[in-house]
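Numbering (the numbering used here), first residue to last: -2 to 321.
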């Protein structure tokens, strides 16, 4: 299974270096301007280690020079005296459009979720920040997103943990889903744009006609029904309630990849198709009933996938996760 490593921190320093180089070449950072580790770390939401590495690389490339006091001064000539790995950079990097927490979040999410097939896990924000070379603020943003996705919660001592995907938890979450999602579906049915259901139906039929559907496609099809369609219900408090048990959708993103051979063909596809067909026929009550049936049988399949995964994975230790 994938294991997060220090490579994420190296990506952060590289993205920081690229962003600064772009600004130097465009004149945003002008000759003689002072750059310090602290200021760069605060600006990009990273720790001082990748900020220091980014500045050192730009100095090596001739874009900065050590200042008389603290930090570095920008060098105006755009013809570096030494090699620079980012010398061919001509377009603006995406560091501004993707915050530091977004850069590391997918890795943290998959590392946490994959391990919940085995046990519950405590999350240490300080060690999370240190492991990825980011600030405590960024680590808190990652934790907040994990909470928003329903992956982690607080215990009686107000400490964050990711609960194990036990049979009891799976039952509770699915029971909540088959109460809330049909209500959201009923409300969403009146707000679907023209062609929306036809597009979803075409995707499902294409997948059903495909010999081997990828885990990414399965994940996207789950999102189509249980997030995009239901998300059009227009009731924000209801949607917040619906999002709580949808940590299961995040888990399935991992489970589909690890259990692709568990079923000869993906069972949820004809179930989704039935729901979409009933909605197209304007049988909203029938679609809601079909959704409940789908969620009830999905519960048993989810447990089969979790048991299969638990028997095959042996995740490496991570400093920010403690097994409970």
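Note that CB positions come from ideal geometry on N, CA and C, so glycine has one too.
With burial defined as no fewer than 16 other Cβ atoms inside 10 Å of the residue's Cβ, what is the status of residue i: buried or exposed?
i           : result
residue 75  : Confidence is the limiting factor: at residue 75 the pLDDT is only 49, short of 50, which leaves the residue's position unreliable, though a coordinate-based value still follows. Burial call: exposed.
residue 27  : exposed
residue 132 : buried
residue 42  : buried
residue 93  : Confidence at residue 93 is low in this model, with a pLDDT of 46, below 50, so the placement of that residue should be treated as unreliable; the coordinate-derived value is given next. Result: exposed.
residue 66  : exposed
residue 15  : buried
residue 321 : exposed
residue 202 : exposed
residue 13  : buried
residue 114 : buried
residue 50  : buried
Relative to the alpha-carbon of residue i, which residue among the options has its alpha-carbon at the smallest distance?
i           : options            : result
residue 63  : 34, 47, 43, 318    : 34
residue 244 : 193, 312, 143, 211 : 143
residue 219 : 112, 136, 269      : 269
residue 313 : 112, 264, 128, 72  : 112
residue 242 : 57, 290, 50, 296   : 296
residue 206 : 97, 53, 266, 233   : 266
residue 381 : 140, 60, 39        : Given that the chain is displayed from residue -2 to residue 321, the structure contains no residue 381 and the question cannot be resolved.
residue 304 : 10, 20, 164, 285   : 164
residue 45  : 18, 215, 9, 280    : 9
residue 327 : 214, 61, 57, 39    : Residue 327 lies beyond the residue range present for the chain, which begins at -2 and ends at 321; the question has no answer from this structure.
Between the beta-carbon of residue i and the beta-carbon of residue j, is there less than 9 Å?
i           : j           : result
residue 149 : residue 167 : no
residue 181 : residue 239 : yes
residue 137 : residue 122 : yes
residue 252 : residue 306 : yes
residue 172 : residue 288 : no
residue 299 : residue 248 : yes
residue 116 : residue 153 : no
residue 284 : residue 273 : yes
residue 31  : residue 71  : yes
Mind checking who residue i pairs with in its DSSP beta bridge?
i           : result
residue 70  : 31, 62
residue 157 : 151
I believe residue i touches residue j by the beta-carbon criterion, under 8 Å. Please report the beta-carbon distance rounded to the nearest angstrom.
i           : j           : result
residue 194 : residue 276 : 6 Å
residue 105 : residue 118 : With 8 Å as the limit, residue 105 and residue 118 do not qualify as a contact, their Cβ atoms being about 12 Å apart.
Contact criterion: CB-CB distance below 9 Å. Does residue i meet it with respect to chain B?
i          : result
residue 64 : The structure shown has no chain B; it contains just one protein chain.
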